[in-house]
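Just so you know, we're using our numbering here: the sequence shown kicks off at 1124 and counts up by one. By construction, the Cβ of each residue, glycine as well, lies at the ideal position given by its N, Cα and C atoms. This one's a predicted model, so the numbers in the text were calculated from it and none came from an experiment.
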Amino acid sequence: MRQLDDGNFIIDTELPSSTWLQESVYSEDQPRVMAVVNEAVRSKTIFEMEHRVRRLDGTLGWTFSRAVPLLNAQGELVEWFGVASDVTERRRADEALRESEERYRNLFNSMDEGYCIIEMIFDEHEKPVDYRFLEVNPSFEQQCGLHNATGKRIREFYPNLEEYWFELYGKVALTGEPVRYVNEAKTMEGRWFDVYAFRVGGPDSRKIAVLFNDVKQRKEAEAALRESEERYRNLFNSIDEGFCVIEMIFDEHEQPIDYRFLEVNPTFERQTGLRDAIGKRMRELRPNLEAHWFEIYGQVALTGETIRFVQEAKSMEGRWFDVYASRVGEPESRKVAIVFDDITERRQSEEALRQMERSLRFIMDSMPQKIFTATPDGDIDYFNPQWTEFTGMSFEQMQDSGWTRFVHPDDLDEKAQHWRHAFDTGEPFQSEHRFRRADGEYRWHISRALPMRDETGRITMWVGSNTDVHDMKQAEATLRRQAVQLSELHHRKDEFLAMLSHELRSPLAPIANAVQLLGLQKSGESRIQQQARGIIERQVGQLQHLVDDLLEVSRITTGRVQLRLERVDMCRIAEGAVETVRPLIEQRRHELTVTLPQESVWMMADAARLEQVLINLLTNASKYTEGGGHIWLTVSVEERGTRVEEFESSGISLAPHSSLLATPHVVIRVRDTGVGISPALLPHVFDLFTQADRSLDRSQGGLGIGLALVQRLTELHGGQVEAFSTIGEGSEFVVRLPVQSEELRVTSGESQHSSSLTTHHSPLATPLKVLVVDDNVDTVLGFSMLLKASGHDVRTAHDGLSAVEVAIDYRPDVVLLDIGLPGLNGYEVAKRLRQHSELKHTVLIALTGYGQDTDRQTSQQAGFNHHLVKPARFEQLNKILTTVQEGLKV
């Protein structure tokens, strides 16, 4: 083989042979080269490859060998022509490049900083609008939180990324100027990045390498450091303890002889009395300071040992200091930080406390309660003699056996739990349990214990007492039994009142009906009959009024009254009350003067209750005024200033929350010329069952509950009532009811005050079919006669079963139904009637002697449309029937 070269290689070989391989080719490459040569000789094809050879100077080099076979006409191999090129430098360059790339890749993959190469994307105006990730390192994802970013645009991840990121990177790409900055990416969960960006390649590449670190934690740490430094400075300047940093001064023998103040806080001067100390030596300020101060601080400076001690500085006015000293910096700095507190007063207090403890122990020993003290952990360390006397055991014996042996077994677990909870939490201890006395009797005690704390809040001891409440517990048990008995008596009283009401009202109903029947035949009535009818009518009304008052006061005193508030005209209520009481006033020949506002006075109130208040006051005035007297009823509106000025002129200051200050008031005054009220009785005039010992009063009867009702109903409306009287000159009762300003407004179309009341009765339309049911024959007869006289068709029944049968057959428009019926009661009758489709719309009216709120609710639930209380006036029933007739017309 003929081989051409550049003169650096051995070229004596004519044919590929083992001699050529051994002399020219590097031994490690010989097998590979020989294999390629053999294949070329066999196939008579071109031979080329790179391999290492030994140079003429003995060094190894790289050559590119290429040989072409020369064939004769018969295709036989004649010889080879080849060339060998020295490629050592290129191979070295390639190797260096691979090593560089490997180092780069290792660095790229192993560094903690995030790294990426991005390609900037510009719009048609060369404005940077986005960038694409070309390459990212493993730390990239951890640092910025972006997954699988290679090949994607940042806008795909964060469409709202702040514009300044594009501006910064765009500038680097265009100018080639690297930048280093710290910035926040709010859209990337508020991360902070420390970024170094530089261009890669030429300006046309638009590529940027970005090296970055997520420094959010560092930023937070910096902020925390600033905050910590600020807290330290605030603490340094605000703590109550004195603080200073000193530099120790030693002599040539390393003995501490002085120290210089480098830094002091504001409290330093107050605690030590040393002024302008910074930069000065202690010997300048206190030449006679005791040597032990220098020795202690010198030891801290030299050894680095932290020392806490309490010491007196006699040269500083005998102050006592609680000191904490520690070295600052390296040993050679000789600096010591000192935190101290002037505890002179505390030392004096401790001595006073010791004296107080001696006094306290004397007091505890002399107290009748069983006093004890305990350690902070709850171990009893003292009992006074009373405990020893009660248990019959000395304190030493108690320590051996423990106090728990004296607790009743049934109480022990609970007491122990409370005891442990108190000592675990520092909360006061209280427990109620039984202790066994020396004679074996268990007696109830209340145990209490409070923690005593030092100035740091640390519990130093517990002080407690055991108080014998055995007799009190027995008294409480007796009171509870009595309360149960009273509750039962109260319940029986309610039942009695309800039954009394029913039994009184039931006979009143036929009497009232009979009086009304007599009233229908006035034309043939003699004067005596007319007077007798009037007497009966008035006495029935008086008895009904007494029953109503008795039940009403029972409901009010037990809190069972609920006001039915609605917008009402106070003038109308007053007129209604006057009409109700007018027969009594006329009977006693009194003159009644009524003064009402010209316009309606609107307010939110229960009309029936307020009318009851006025009726009671007018009735009271009429009863306690001799015949031919004078009664005044006045209704007015007082603004805020009127009542306030009245009090302030008397030197009385009203509380800011007083209702007298807040709103206007409706004021009702009832005045008479009666006998008056004695000064002894006047403060109690609103008490239940209170009456004056006067013949006039007794002649008029009454239970002494009318004024009590007035007060309680007024207070339920948020008002107040007052009584004024002088013996022989009459009495005046003043009711004040708060009312909002807007409630007083008279709107267009609202009724104005009228001086007279007129009742309009519509003529009867189609007669109604009415079924009257009551076991009292007189009641049935009376209502039947009145209904027939009014043109209605009437059927009757006297028990529940008959009522159901008659109703099914008769199909009445209205059923007037008693509740307390034999057989089936009224509630059961109502439920059965409602089960028949043809009677579903029949109007059911309950007629009963039971008139409490619960009774009305029960009748409504049973299916009744109305509830009348005996003795019901026929006018009430007629009003309901008129409404039914109007409904039938529609």
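Please state whether DSSP places residue 1892 in a helix, a strand or coil.
strand
Identify, in the order they occur along the chain, each residue of the same chain with its Cβ nearer than 7 Å to the Cβ of residue 1507, setting aside the five sequence neighbours on each side.
1487, 1488, 1490, 1493, 1494
Less than 8 Å between the C-beta atoms of residue 1566 and residue 1593, yes or no?
yes
Put residue 1704 into one of helix, strand or coil per three-state DSSP.
helix
Closer than 8 Å to chain D by CB, residue 1960
Of the protein chains in the structure, only one exists, and it is not chain D.
Under three-state DSSP, which class holds residue 1822?
Residue confidence is low: residue 1822 scores 41 on pLDDT, short of 50, so the model does not pin down where it sits. No coordinate-derived value is stated.
Distance check for residue 1512 and residue 1830, CA to CA, integer angstroms please.
60 Å
Taking its Cβ as the centre, do 16 or more other Cβ atoms sit within 10 Å of residue 1502, making it buried, or is it exposed?
exposed
Identify, in the order they occur along the chain, each residue of the same chain with its Cβ nearer than 7 Å to the Cβ of residue 1299, setting aside the five sequence neighbours on each side.
1322, 1326
Extent of the continuous beta strand (DSSP E) run through residue 1859
1854 to 1861
Check for me: the alpha helix (DSSP H) holding residue 1209 runs from which residue to which?
Not the alpha helix (DSSP H): residue 1209 falls in the beta strand (DSSP E), residues 1200 to 1209.
Buried or exposed: which applies to residue 1766, given that a residue is buried once 16 or more other Cβ atoms fall within 10 Å of its Cβ?
Residue placement at residue 1766 cannot be trusted, given a pLDDT of 48 that sits under 50; the coordinates are not used to answer.
Have a look at 1261, 1280, 1296, 1273 and flag the residue whose alpha-carbon is nearest the alpha-carbon of residue 1251.
1296
If the criterion is Cβ atoms closer than 8 Å, does the pair residue 1941 and residue 1966 meet it?
no
Backbone secondary structure at residue 2008 - three-state DSSP
helix
Looking at C-alpha atoms only, which residue of 1762, 1530, 1577 is the closest neighbour of residue 1563?
1530
Please report how far the alpha carbon of residue 1908 lies from the alpha carbon of residue 1808, in whole angstroms.
45 Å
At what residues does the alpha helix (DSSP H) containing residue 1350 begin and finish?
1339 to 1361
Output needed for residue 1697: all residues of its chain with C-beta closer than 8 Å, excluding positions within five of it in sequence on either side, in chain order.
1717, 1719, 1737, 1756, 1758, 1791
Backbone secondary structure at residue 1593 - three-state DSSP:
helix
Please classify residue 1534: does DSSP put it in a helix, a strand, or coil?
helix
Can you tell me whether residue 1346 is buried or exposed? The criterion is at least 16 other CB atoms within 10 Å of its CB, across all chains shown.
exposed
Suppose you measure from the CA of residue 1693 to the CA of residue 1735; what does that come to, to the nearest Å?
13 Å
Simplified DSSP assignment, three categories, for residue 1875
The predicted position of residue 1875 is uncertain, since its pLDDT is 36 and thus under 50; a value taken from the coordinates is nonetheless stated next. Residue 1875: coil per DSSP, three-state reduction.
Boundaries (first-last residue) of the alpha helix (DSSP H) holding residue 1329:
Note, residue 1329: premise wrong, no alpha helix (DSSP H); not H, not E.
Considering only their Cβ atoms, is the gap separating residue 1394 from residue 1445 smaller than 8 Å?
no
Helix, strand or coil for residue 1241, going by three-state DSSP, please let me know.
strand
The beta strand (DSSP E) enclosing residue 1843, as first and last residue numbers:
1843 to 1848
So, is residue 1870 buried or exposed, given that buried needs 16 or more other C-beta atoms within 10 angstroms?
In this prediction, residue 1870 scores a pLDDT of 39, lower than 50, which makes its location untrustworthy; the coordinate-derived value is nonetheless stated afterwards. Exposed.
Terminal residues of the alpha helix (DSSP H) in which residue 1746 lies
1730 to 1746
Do you know how far the Cα of residue 1583 is from the Cα of residue 1775?
In this predicted model, residue 1775 has a pLDDT of only 39, less than 50, meaning its place in the structure is not dependable; the value taken from the coordinates is given anyway. So the two alpha carbons sit approximately 52 Å from each other.
Buried versus exposed call for residue 1260 [16 or more other C-beta atoms within 10 Å across all chains shown]:
buried
Thinking residue 1970 and residue 1939 are a contact (beta carbons under 8 Å), I'd like their distance in whole angstroms, please.
5 Å
Give every residue of the same chain whose Cβ lies closer than 6 Å to the Cβ of residue 1762, excluding the five residues on either side of it in the sequence, and list them in chain order.
1787
Here's the rule I'm using: 16 or more other beta-carbon atoms within 10 Å means buried, otherwise exposed. How should residue 1999 be labelled?
exposed
Tell me which residues share the same chain as residue 1272 and place their Cβ nearer than 8 Å to its Cβ, disregarding the 5 neighbours each side in the sequence.
1239, 1256, 1259, 1263, 1264, 1280
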